[in-house]
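Protein chains in written order, with this note's numbering: chain A, 3 to 388; chain B, 1109 to 1293; chain C, 267 to 672; chain D, 68 to 234. Glycine is no exception: its CB is placed at the ideal position from the N, C-alpha and C atoms. No experiment lies behind these values; they were computed from the predicted model shown. Beneath this line is the structure, given in structure tokens, with notes to follow.
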Amino acid sequence: MGLAGFEVEVQRETESGLVTEDMTLSMGPQHPSTHGVLRFIVRADGEVMKEAIPDIGYLHRSIEKIAEKVGWHGFLPYTDRVDYVAAMFCNHGWTMAAERLAGIEVPRRGEYCRVIADELCRIHSHLLAAGSMAMDIGAFTPFTHAIREREYLNDLFEELCGSRLTFHYMRIGGVGWDLPPGWAEKVLTFLARFETVVDEYNRLISYNKIFTERLADVAVVSAEQAIGYNLVGPNLRGSGVAYDVRRDDPYSVYPELDFDVPVGRGEMGTVGDCFDRYIVRIEELKQSCRIIRQCLRQMPDGPVIAKVPRNFKPPAGDCYVRLESARGDMGWYVVSDGTAFPYRCKIRTGSFAAISIVQAVSRDIMIADLIAVIASLDLVAPEIDR
Amino acid sequence: MGMSAYLRNIKDAATTIADGMAITLSHFVRKPTTVEYPDRLPDGVRVQDTLPFRYRGMLEVDLEICTACLACERACPIDCIVIDAAKDKAAGGLVMTRFDIDMAKCMYCGLCSEPCPTGAIHHTPEFEGADYSLESMVRRYVKAPTVAYKPKKAGEDDPRIAPILDRGMRYIAEFATPDGPSGDS
Amino acid sequence: MQELVDGLIASGVAPADVPAWVHYLTAMLTFGGLVVFGFVLPIAGITTWVERRVMARMQSRIGPNRTGPAGFLQWLADGIKNLLKEDIVPLAADAMLFKAAPYVVIVGFVLTFVVVPFSGDLIIADLNVGILYVTAVTALVVVGILMAGWASNNKWSLLGGIRSAAQIVSYEIPAGLSIFPVVMLTGSLGMQDIIRAQGAAPWTWYIFDNPFTLMAFFAFFVAALAEGNRTPFDLPEAESELVAGFATEYSGMRNLLFFMAEWGNLYVIGAIVSTLFLGGWQIPFALEGSPVLRNALQFGTFFTKAYFFVFLAIWLRWTLPRIRVDQMMVMCWKYLVPIAFVNLIGTAAWMVLFPAGVPLVRWTLTAVAAVLLVAFFWRVRFHLKHAGLTGQQLSFNPLSTTRVTW
Amino acid sequence: MPLDTAAIHARLRERFGETIGDLNGVGRDAWALVPPGDIAEVARFAHDDGELGFDCLSNLSGVDYPKDEAIQVVYHLFSYRDRHWFVLKVNAKRDDPVVATVSGVWPHADWQEREVFDLLGVRFDGHPDLRRILMPEDWPGHPLRKDFVEPEEFHGISTSRESLLRT
């Protein structure tokens, strides 16, 4: 797609009567800071942007159409690819929808396995978000520190489900594998070390003066705006709305777990600025550690998967399930017509909502700030385009 | 901006930058976490040998214990497995003439190995899959027509097949079942 | 240099029937060529290897380790690779300016070595305007970068070029103002004069002469980093924003020239800072009898001091994020320029009040610096302890490749 | 104050009468049908009404039902203030699907409607910028329709890969 369709105002007259031309820049689809293949049409007056118009679709893999062509079980590996940075949540969403349609109850140990995997995956995803945030602001070392810890998590996932990124861990009715022997101890060892790493990360970058100055008061999203644009998860909480699906609309075994919901407090500037969205993620890392510890302590023995026929045919109907993914409230609207193939699956993702707000918040900020905004919204291209 | 805010800015910048530099310097004396893949690995152990049993790498088929039940072919969501098998009275059961897997298409989901009754099709820790053409990524396991394996009630006694079957069953046992805790955990 | 040649003529090594200026010219060209090809180019290359190894360890990695022992020849391999690469000139670029830009940059950088005092006798030309000359020729770099940004005919490159121009022109002011206190104290612009006015012991260096020169040292180092386009001031190339900025369209040898200038510039920054504030090549022994040993020791001292600042710049780069363009301007005009003026006036007042200097202040400042240094290393130790590391997970060998185990 | 779906339905009925269809389904997924032309008005009321306070459009999806000759647009409404839910469904004619836009009510609907337009071909009356969002501008047809057939090639590029298995 060219510039056609984008009504870009090129010439402008200043107050003194001088005619000036805005610069139209194409940022992406191949740009190091667009996290995948995103494109922004940037209209700038020197370093100051007038507008950034997002242009998406470069990573559209028609996953919703694929859902209609492969069976209920067969679609599960595809959900890994919806958001490959946090694949566990997409697994969870699809299985939750299928279970709700068919009225299957997951064994309690299975639910605990899911929550442990979810929270590890949340750490996994937030680490990448925090790391790439630092890298986009220009600090490369924190990124590698975050990736280093993520690598240890990958090793844990690898032992749990055999894969490092596209997990395919959950199955309709439970999870595919029980925790391997000795795995829980490894997780606890990791968590003990990881919490000190978070402190170190905060000292290294989060509260670095240059870093906070770059993020404070940039692209402030008010609570009303956030709700109107349906921002979810850390982006919503960064704007000061204390809403977490895990706590306020609980699913799985979250009601049995004790954790806090961090919200943006305007620590470095205004509530809802880039720094708030960033620091909420950092604080969630510690909450996830807390949840995992509780799960490992509380989890009962027993089966981890319910009896589900291989030829799975849920009764006709539709349902809408929500879960708190790493990027926030993820909605799955699934329609079944009683056959072995899903009739329709619509995935409402956090990044899709988040990118739609970019145009509204990118007026009169610097080009360098746009990169901070993209990183602070934690945009993940595959999740936007699906 | 007042004078105190001005000086506080300078102080904050100096202290946070110094603290950050202390952290990076402390990393300077920490050992690295990476290995020199692929040729200079610690103790000469290949990475593949350090991966867990559940690791989902390249698919492998043990034809000796394949029952030609076609469960994997049916389970595959992208149809990257093709099996041709026909009843042959003379040979004494099902005879497989084709068992092909397109590894270029495979998405390593593991759905094929789950329904396998003997663990004949399973993932290996092998992950070095680069090759020069798509054709060479197609693994053709049946070289000559092969009689499918028939599980014996009394257990396998053929010393050639027993260890393979043993491994296969161990692989199957890793998967969770509705009946209760799996494996030895 | 002149004395050396004079001595050679007097001793008859150089034929006396040739005019003396021929000898001077020959000596200067020989030494200049030696410096550029034997020192400047390798030092720029080796610094890239050092930077990559240092950064790798700070990031829990190993770094280049295949070419030569511990990957040491990586810089040579990269250089050869770049030489063999196709030199692409974009169709829409202003070809002449595009091709010329890297040369302007490299000339601006290499010319500074004319006055870099490697040791008491080793200096290409001890110009009486030495330090002024340095600030003058480094301004050529900004011309080159702006040319590159404009000629590339790429909007991102142009932004990089504009940023660079704004940045270097702005930071020339605090950098220049921070040089003045030293020049005032010495009463000369010549590099060797400035060094000779200092001694070998830390409390005789200009950095600890009075509180204002200490502040001038920091102001100068920050401004020099900005002029050298190093993080946190690497806005002109800003990988994550402008995708290499002014250098986006360059490939092969021309690209290499830019980077050679950047890494070589680190050494120039270090050399000038150690000349102005850290006593340059001063060593505690006179060694009148053996000029070779004396010059070698002086060279070693100077190199160590200068290279410490190269390490410091690398270390800073892999610790800090990048500031924004408006903050870069705020930092220059609201912080560095006023501070530099305070230093200038303060030093002048100090010279009027204490024409002979105050030894007590010198010793106190030196002691404070030492205490801060100890406190810093204490903090490093704290971070190691906080991470719960035992000796098994540490390695003080900078080239260690053993993997950490938990 | 959170309302249950029956109360929300009653409140909507009170205002719009028989325009709002009967309440179907139970619990969270209970829904009511709204005619395509009235959805904007209903949405505006649901958003502004003091009791309902649906400040958030959680999801907007389209489903193709060739058997019923309809394309259904489903609105999942949520209120952050009161934490309650409601689902509205709109059946548009399949041969000429036109639905009133709700993008003026919730800014999030802007992009969601563009997506439904792109993938199912529903035109949203009054939408400020109804362009394709995921597919290329010149893509033929609307992929999520049940009768969509993928073109053999697009701009001379084949859309399928020959199977290497049956050779």
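Proximity to residue i [Cα-Cα], best of the options
i, options, result
"C/GLN659", "B/ILE1118, B/LEU1133, B/LEU1115, B/LYS1139", "B/LYS1139"
"A/ALA370", "C/ILE589, C/LEU582, C/THR452, C/TRP584", "C/ILE589"
"B/ILE1272", "B/ARG1182, B/THR1226, B/GLU1222, B/ALA1130", "B/THR1226"
"A/SER224", "A/GLU153, A/CYS276, A/PRO109, A/ASP262", "A/CYS276"
"D/PHE191", "D/VAL165, D/ALA176, D/ARG148", "D/VAL165"
"A/ALA249", "A/MET270, A/GLY304, A/GLY330", "The sequence shown places Arg at residue 249 of chain A, rather than the Ala named in the question. Checking every option, the nearest Cα to that of A/ARG249 belongs to A/GLY330."
"A/SER358", "D/GLU182, D/PRO207, D/MET202, D/GLY188", "D/GLU182"
"A/ASP120", "A/GLY105, A/LYS67, A/CYS163, A/SER28", "A/CYS163"
"B/LEU1167", "B/ALA1130, B/ALA1193, B/GLU1234, B/THR1175", "B/GLU1234"
"D/ALA74", "D/ALA113, D/LEU231, D/SER227, D/LEU187", "D/ALA113"
"C/GLN325", "B/LEU1171, B/THR1285, B/HIS1135, B/GLN1156", "B/HIS1135"
"C/SER540", "C/PRO440, C/PHE575, C/VAL395", "C/PHE575"
"C/ASP392", "C/SER454, C/LEU563, C/TYR516", "C/SER454"
"C/GLU352", "C/GLU515, C/ALA552, C/GLY536", "C/GLU515"
"C/PHE512", "C/ILE428, C/MET457, C/ASP475", "C/ILE428"
"C/ARG560", "C/TRP547, C/LEU295, C/TRP616", "C/TRP547"
"C/MET519", "C/GLU438, C/ASP344, C/THR585, C/TRP672", "C/ASP344"
"D/ARG161", "D/PRO103, D/LEU70, D/ASP96, D/ALA99", "D/PRO103"
"C/ALA653", "A/PHE213, A/ARG205, A/GLY319, A/THR22", "A/ARG205"
Whole-Å CB distance - residue i paired with residue j, under 8 Å assumed
i, j, result
"A/CYS115", "A/MET90", "Wrong, their Cβ atoms sit about 11 Å apart, outside the cutoff."
"C/ILE580", "C/VAL320", "5 Å"
"B/VAL1246", "B/ASP1208", "6 Å"
"A/VAL177", "A/GLY274", "In fact, because the Cβ distance is near 37 Å, the residues do not count as touching under 8 Å."
"C/SER506", "A/GLY140", "6 Å"
"C/HIS649", "A/GLU202", "7 Å"
"C/PHE478", "C/GLY623", "With 8 Å as the limit, C/PHE478 and C/GLY623 do not qualify as a contact, their Cβ atoms being about 12 Å apart."
"A/GLU53", "A/GLN361", "7 Å"
Residues sharing a beta bridge with residue i, DSSP
i, result
"D/LYS160", "D/ALA137"
"A/CYS321", "A/VAL336"
"A/THR26", "A/ARG45"
"B/VAL1246", "B/ASP1210"
"A/GLY330", "A/SER327"
"D/ASP192", "D/ALA167"
"A/MET172", "A/VAL177"
"D/GLY129", "D/VAL140"
"B/GLU1168", "B/HIS1230"
"D/SER225", "D/GLU220"
"B/LYS1195", "B/LEU1202"
Backbone CA spacing between residue i and residue j [nearest angstrom]
i, j, result
"A/PRO317", "A/THR341", "8 Å"
"B/CYS1224", "A/HIS75", "16 Å"
"A/ARG324", "A/ASP57", "27 Å"
"A/ALA6", "A/GLN300", "Only weak support exists for where A/ALA6 lies, its pLDDT of 43 falling under 50; the value from the coordinates is given anyway. About 58 Å."
"A/MET3", "A/ILE55", "Since pLDDT at A/MET3 reaches only 39, below the 50 mark, its modelled position is unreliable, and the value read off the structure follows with that caveat. Taking the straight line joining both Cα atoms gives about 13 Å."
"B/ARG1268", "B/THR1141", "42 Å"
"B/ILE1280", "A/GLY38", "37 Å"
"C/MET413", "B/THR1232", "56 Å"
"D/ASP43", "D/ASP196", "Coverage of chain D is limited to positions 68 through 234, which leaves residue 43 of chain D absent and any answer about it impossible."
"D/HIS194", "D/ASP177", "7 Å"
"B/ALA1176", "B/PHE1283", "21 Å"
"C/ILE538", "C/MET594", "23 Å"
"A/GLU9", "C/SER430", "Per-residue confidence for A/GLU9 stands at a pLDDT of 47, beneath the threshold of 50, marking its modelled position as unreliable; no derived number is given."
"D/ILE200", "D/ASP185", "6 Å"
"C/TRP341", "A/PHE354", "44 Å"
"C/GLY386", "C/GLN564", "7 Å"
Practice task
Any chance you could list the alpha helix (DSSP H) runs of at least 4 consecutive residues sitting entirely within the segment 358–400 of chain C, in chain order?
Solution key: 361–376
Problem - Ordered list of alpha helix (DSSP H) runs contained in the segment 86–123 of chain D, each at least 4 residues - result: 106–115
Exercise for the section: Identify every run of the alpha helix (DSSP H) within the segment 469–526 of chain C, keeping only runs that are complete inside it and at least 4 residues long; order them along the chain. Expected result: 477–493, 505–508
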